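Since the structure comes first, as structure tokens, the remarks are kept for the end.
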Amino acid sequence: MDKRLAGVLAVAALAVSACSSGSTASFVPGGGATVGGSAASTPSATPTAVAGLKAFTFPSSIQVEFQTELPPSGPQRAAVIAYENYVDSMWYAVYSLGKNKAYQKYVSGNALKFANQIIDEFKAGHYKLEGTVIYSDISVPQSYYGAGAVVYSCFNDSGLHMVNPSTGQSAGPIVSSKYTYSQEQAAAGKRADGTWWIVNTDFYPAASGGAAGVCGS
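Laid out in structure tokens, this is it:
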């Protein structure tokens, strides 16, 4: 990575932490989700023609919803596409118990550590993923020289579950209940080949107020 890009990404990563009044939070997977056996064979995702946006075919029992339209152009659009690729690929890796490794193309830094944490939790228990996770109020409040940006997104996993396949019962929350309604603040960066990825992510409970206050239940 060249020094200029490294500097841009460092500024973007620091900006994520500086832009919220709450303290930096870490998701702690707790297990548990519900997955129907027969539903897993029914694809529900539809192909997308948006340049740079990758399509992942989830079973009908899993829904990853983005409720905000993509920005029309520029680094803001590129950053949100990078964010959606990160989110989709991470949950697809969770669903596949780590067999699909496409997510590694879209994340690095502590964002990669966060993804691996959830994937490892599911792999260890052979849990199944089911339900709906919602991302809304997605915005790009800051961008840096066309090579870095900060993405804000409201996160709601109240409808997403991790299930014990032996009992069909919940194995516990995927993340701490404190962050069921929260704001993810992610730093996105542009690579040498022109593609964008997520290099840092922090979560702030909606109850902490500040920028995260818009993400209340």
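The sequence shown: position 209 = 209 (the numbering used here), numbered continuously. C-beta atoms are modelled at their ideal positions from N, C-alpha and C, and glycine is treated no differently. These numbers were taken from a predicted model, which means no experiment stands behind them.
Cβ neighbour criterion (16 or more within 10 Å) applied to residue i
i: Lys99; result: exposed
i: Thr167; result: exposed
i: His161; result: buried
i: Lys101; result: exposed
i: Lys105; result: exposed
i: Ser41; result: Residue confidence is low: Ser41 scores 32 on pLDDT, short of 50, so the model does not pin down where it sits. No coordinate-derived value is stated.
i: Pro72; result: exposed
i: Ser89; result: buried
i: Ser23; result: For Ser23, the pLDDT reaches just 38, beneath the cut-off of 50, and the residue's location in the model is therefore unreliable, although a value from the coordinates is still provided. The residue is exposed, with fewer than 16 neighbouring Cβ atoms inside 10 Å.
i: Ala212; result: buried
8 Å contact criterion, which residue i and residue j should meet: CB distance rounded
i: Ala187; j: Pro75; result: Ala187 to Pro75, Cβ: 12 Å. No contact.
i: Ile119; j: Ile174; result: That belief does not hold up - the Cβ atoms of Ile119 and Ile174 are roughly 11 Å apart, past 8 Å.
i: Tyr179; j: Gly216; result: The pair is not a contact, with the Cβ atoms about 13 Å apart (cut-off 8 Å).
i: Leu53; j: Tyr95; result: That pair is no contact at about 19 Å.
Residue i - partner residues in DSSP beta bridges
i: Cys154; result: Ser136, Gln183
i: Gly159; result: Thr132
i: Ser143; result: Ala149
i: Ser236; result: What is shown of the chain runs 1 to 217, which leaves residue 236 out entirely.
i: Val62; result: The sequence as given places Ile at residue 62; Val does not occur at that position. DSSP lists Gly131 as partners of Ile62.
Distance CB(residue i)-CB(residue j) smaller than 9 Å
i: Ala206; j: Val214; result: yes
i: Ala115; j: Ala93; result: yes
i: Val87; j: Phe66; result: yes
Q | Cβ contact (3+ pairs, closer than 8 Å) linking the segment 104-111 and the segment 122-142 | A | no
Q) With contact counted as at least three CB pairs below 8 Å, one residue from each stretch, are the segment 176-186 and the segment 149-165 in contact? A) Look at the beta carbons and you see the segment 176-186 touching the segment 149-165: at least three pairs across the two are nearer than 8 Å.
Q: Determine, using beta-carbon pairs with one atom in the segment 81-100 and one in the segment 192-202, whether at least three such pairs fall under 8 Å.
A: Segments in contact, yes.
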